[in-house]
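The sequence shown begins at 2 in this note's numbering and counts up by one. All residues carry an ideal CB built from backbone N, CA and C; glycine is no exception.
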Amino acid sequence: MKFIEDMKLQEYTAQLTNQTLGLHRNRVINGRIEAFSCKRGQSEKKACREIHERYSGQQFIYPDSPTNTSRRLYADFILTLNASFPDYDYSHLNPSNFELCGDISSVIDRINDQIGEVCAIRGAEWLNGLWHAVNEVINISDSQVYMFNGELDFDLDSDDAYSSLLWESHYFFFNRELKRIVFFSVKQERTSLMDEDGKDTLMEVY
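1) Classify L17: buried if its beta carbon has 16 or more other beta carbons within 10 angstroms, exposed otherwise.
2) Are the beta-carbon atoms of Q11 and V119 separated by less than 9 Å?
3) Identify whether N136 lies in helix, strand or coil by the three-state DSSP scheme.
4) Thinking C-beta only, is E190 closer than 9 Å to R26?
5) What is the rounded straight-line gap between the Cα of D7 and the Cα of E169?
6) Taking the alpha carbon of F149 as the point to measure from, which residue in F86, R72, F78, D104 has its own alpha carbon closest?
7) Please report the distance separating the alpha-carbon of L132 from that of H93.
8) Use the C-beta contact count for P96: other C-beta atoms within 10 angstroms, 16 or more gives buried, fewer gives exposed.
9) Kindly say whether N95, judged by its beta-carbon, lies nearer than 9 Å to any beta-carbon of chain D.
10) Taking DSSP's pairing of strands, which residues face I109 in a bridge?
11) Just mark E137 as buried or exposed, buried being the case when its beta carbon has 16 or more other beta carbons within 10 Å.
12) Start and end of the beta strand (DSSP E) containing E100?
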């Protein structure tokens, strides 16, 4: 997968990184919006062959796609995760970890709800600009959206010793004609504070 450098998406990713929330600033949201071309390098082609062999007998349930196309798409999702989080290897994931979302507008509404507090801080025009930037790269109306089911074992610039995961969500906007994927990943954590005795205490108010 080739990372597509898009300045607007990089700016929005920066604005979704370590954004503190809440009256007590006891929650933090971290997200990333990254674009990738589905063009594969030699090492990725080898990884794809291994993935295809591993699940050659497994039924793929992506509608309106031949089995080989579905298997390729599934491999592209894994390669996208590996490219986005190079310190991890997600080759162990199963096809069942990826679910096609039927209604793109519902996905967008769900993401808007999740990052709503950031929007409240930065203003409504910020949210409009975010989706305009995504649309410029992927052409949302001509795309499909897949959701990752489960939890990814990664750390988005947070210290696990001082945080507790509240929720996370990960979406793949896939445009077959453009052969591009936009990976939209966001999670929120509750952070801990030091009490008078110097002990870490997770804040419960959020």
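The short version:
1) For the purposes of this step, residue 17 is identified with residue 16 of the sequence shown, where counting begins at 1. By the neighbour-count rule (16 or more Cβ atoms within 10 Å), L17 is buried.
2) To locate residue 11, count along the sequence shown from 1; it is residue 10. To locate residue 119, count along the sequence shown from 1; it is residue 118. Contact: no.
3) On the sequence shown, position 135 is the one that residue 136 refers to. Reduced to three states, the DSSP call for N136 is helix.
4) Stepping through the sequence shown from its first residue, residue 26 is reached at position 25. Stepping through the sequence shown from its first residue, residue 190 is reached at position 189. Result no, Cβ atoms of R26 and E190 do not sit closer than 9 Å.
5) Here residue 7 refers to the residue found at position 6 of the sequence shown. Here residue 169 refers to the residue found at position 168 of the sequence shown. Taking the straight line from one Cα to the other gives about 24 Å.
6) Position 148 of the sequence shown, counted from the first residue, corresponds to residue 149. It is F78 whose Cα lies nearest to the Cα of F149.
7) As a working note, residue 132 is residue 131 in the sequence shown. As a working note, residue 93 is residue 92 in the sequence shown. This sequence places Trp at residue 132; Leu is not what is there. The straight-line gap from Cα to Cα measures roughly 32 Å.
8) Counting from 1 along the sequence shown, the entry for residue 96 is found at position 95. When all chains shown are included, P96 counts as buried.
9) Protein chain content of the structure displayed is limited to a single chain, and chain D is not contained in it.
10) Translated into positions along the sequence shown, residue 109 becomes position 108. None; I109 has no bridge partner.
11) Residue 137 sits at position 136 when you count from the first residue of the sequence shown. Result: exposed.
12) As a position in the sequence shown, residue 100 is number 99, starting the count at 1. Unbroken beta strand (DSSP E) run through E100: 99 to 102.
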